[in-house]
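A.B. asks: After the structure tokens below, expect a handful of questions from me.
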Amino acid sequence: GQQVMQIPQYQHVQEGEDFTTYCNSSTTLSNIQWYKQRPGGHPVFLIQLVKSGEVKKQKRLTFQFGEAKKNSSLHITATQTTDVGTYFCAGVTMNSGYSTLTFGKGTMLLVSP
Amino acid sequence: DGGITQSPKYLFRKEGQNVTLSCEQNLNHDAMYWYRQDPGQGLRLIYYSQIVNDFQKGDIAEGYSVSREKKESFPLTVTSAQKNPTAFYLCASTGGGFTGELFFGEGSRLTVL
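Protein sequence lines correspond, in order, to chains A and B.
The first sequence maps to residues 1 to 113 in our numbering.
The second sequence maps to residues 1001 to 1113 in our numbering.
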């Protein structure tokens, strides 16, 4: 079945440093979604990428979807303590009219002040 | 305010007991989902329902059961057949199947003693 690998599993940075998490799929994706889960909270949708090579920005967050639609990345510039949490990618595949969504295991980000 | 309500937030049960987790949404979404989250793991799909009176097994359905008698409600029963039920359970809904943004409830943390 479809697999979505996410690395790193964990990263600890100093406030102000940059952070990147990478997501790789074993199959070509229809689209990819990113979610953030704060400690003790529930996942919250950040963004969806659909087009090959797409790049989207949300303030200090930059999301990219690979040309082959098999990988994606989330880059945070100048991290802040409010960025703490686990970031999940979720890949959507379409097969015979049915869609499936598979989550990566997430990257836990810790930011020290 | 529209959203998803899960209850209870915390639940303790003895081994061998069935427990039912409630999930109610007022977003008028057709599709609803149950995920299980374990520490260091991604979200694994238990069951999903695209329409009232219909539901399908996800990746880890064994030991769980659901019903979808009303559009706004999708309760999950964790049966005594589930070998390792202690986990964080998340309910979600979308307006557009798996290709749409997932809206999550705040989760129910089940501990089996």
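Ideal Cβ positions, reconstructed from N, Cα and C, are used throughout, including at glycine.
Counting only Cβ pairs nearer than 7 Å, list the residues of chain E close to K70/A.
C.D. replies: Here the protein chains are A and B, and chain E is not one of them.
A.B. asks: In this structure, how does DSSP classify T1079/B when only helix, strand and coil are distinguished?
C.D. replies: Here T1079/B sits in coil by DSSP.
A.B. asks: Provide the residue(s) that pair with Q1006/B in DSSP beta bridges, ordered along the chain.
C.D. replies: BP columns for Q1006/B point to C1023/B.
A.B. asks: Taking any Cβ of chain B, which residues in the segment 25-48 of chain A have a Cβ under 8 Å from it, in chain order?
C.D. replies: Correct list: S30, N31, Q33, Y35, G41, H42, P43, V44, F45, Q48.
A.B. asks: Counting pairs of beta carbons, one from the segment 1004-1012 of chain B and one from the segment 81-96 of chain A, are three or more of them closer than 8 Å?
C.D. replies: Verdict: no, contact absent.
A.B. asks: Using only the alpha-carbon positions, how far apart do N1151/B and Q58/A sit?
C.D. replies: Given a span of 1001 to 1113 for chain B in the structure shown, any question on residue 1151/B remains unanswerable.
A.B. asks: Counting only Cβ pairs nearer than 7 Å, list the residues of chain A close to Q1025/B.
C.D. replies: Within 7 Å Cβ-Cβ: nothing; Q1025/B doesn't reach chain A, min ~13 Å.
A.B. asks: Grouping DSSP H, G and I as helix and E and B as strand, with all else coil, what is D1038/B?
C.D. replies: Three-state DSSP puts D1038/B in coil, outside helix and strand.
A.B. asks: Of the residues I7/A, Q9/A, F19/A, Q14/A, which one's Cα is nearest the Cα of H75/A?
C.D. replies: Comparing Cα-Cα distances from H75/A to each of I7/A, Q9/A, F19/A, Q14/A, the minimum goes to F19/A.
A.B. asks: Please tell me whether L1076/B has its Cβ less than 7 Å away from any Cβ of chain A.
C.D. replies: Taking Cβ atoms only, chain A never reaches closer than 7 Å to L1076/B, which makes this a no.
A.B. asks: Using alpha carbons as the reference points, say which of G1107/B, F1104/B, A1092/B, S1080/B lies closest to G1016/B.
C.D. replies: The candidate whose alpha carbon is nearest that of G1016/B is S1080/B.
A.B. asks: Would you decide whether M5/A is buried or exposed? Buried here means 16 or more other CB atoms lie within 10 Å of its CB.
C.D. replies: M5/A is exposed by the Cβ-count criterion.
A.B. asks: Run down chain B in chain order and give the residues with a C-beta less than 8 Å from the C-beta of K105/A.
C.D. replies: Simply G1040, Q1041, G1042.
A.B. asks: With a threshold of 16 other CB atoms inside 10 Å of the CB of F1103/B, please say whether the residue is buried or exposed.
C.D. replies: Buried, since its Cβ has 16 or more Cβ neighbours within 10 Å.
A.B. asks: Can you tell me which of L109/A, T82/A, L101/A, L49/A puts its alpha carbon nearest to the alpha carbon of A68/A?
C.D. replies: Minimum Cα distance to A68/A is reached at L49/A.
A.B. asks: Report buried or exposed for F65/A, applying the criterion of at least 16 other Cβ atoms within 10 angstroms of its Cβ.
C.D. replies: Buried, because 16 or more other Cβ atoms sit within 10 Å of the Cβ of F65/A.
A.B. asks: Have a look at T82/A and K1071/B and give me their C-alpha separation to the nearest angstrom.
C.D. replies: The straight-line gap from Cα to Cα measures roughly 36 Å.
A.B. asks: List, in chain order, every chain B residue whose beta-carbon is nearer than 8 Å to that of N88/A.
C.D. replies: Before going further, note that residue 88/A is Phe rather than Asn in the sequence given. Those within 8 Å of F88/A in chain B are G1042, L1043.
A.B. asks: Less than 7 Å separating the beta-carbons of Y1089/B and L1011/B?
C.D. replies: Going by C-beta atoms, Y1089/B is not nearer than 7 Å to L1011/B.
A.B. asks: Let me see if you follow: with CB-CB separation under 7 Å, is H1104/B close to chain A or not?
C.D. replies: Looking at the sequence provided, one finds Phe at residue 1104/B rather than His. By this cut-off, F1104/B is an interface position.
A.B. asks: Can you find a C-beta in chain A that's less than 7 Å from the C-beta of G1058/B?
C.D. replies: No, its Cβ sits nowhere closer than 7 Å to a Cβ of chain A.
A.B. asks: Does the beta-carbon distance from I1046/B to A1031/B come in below 7 Å?
C.D. replies: Cβ distance not < 7 Å, so I1046/B and A1031/B don't count as in contact.
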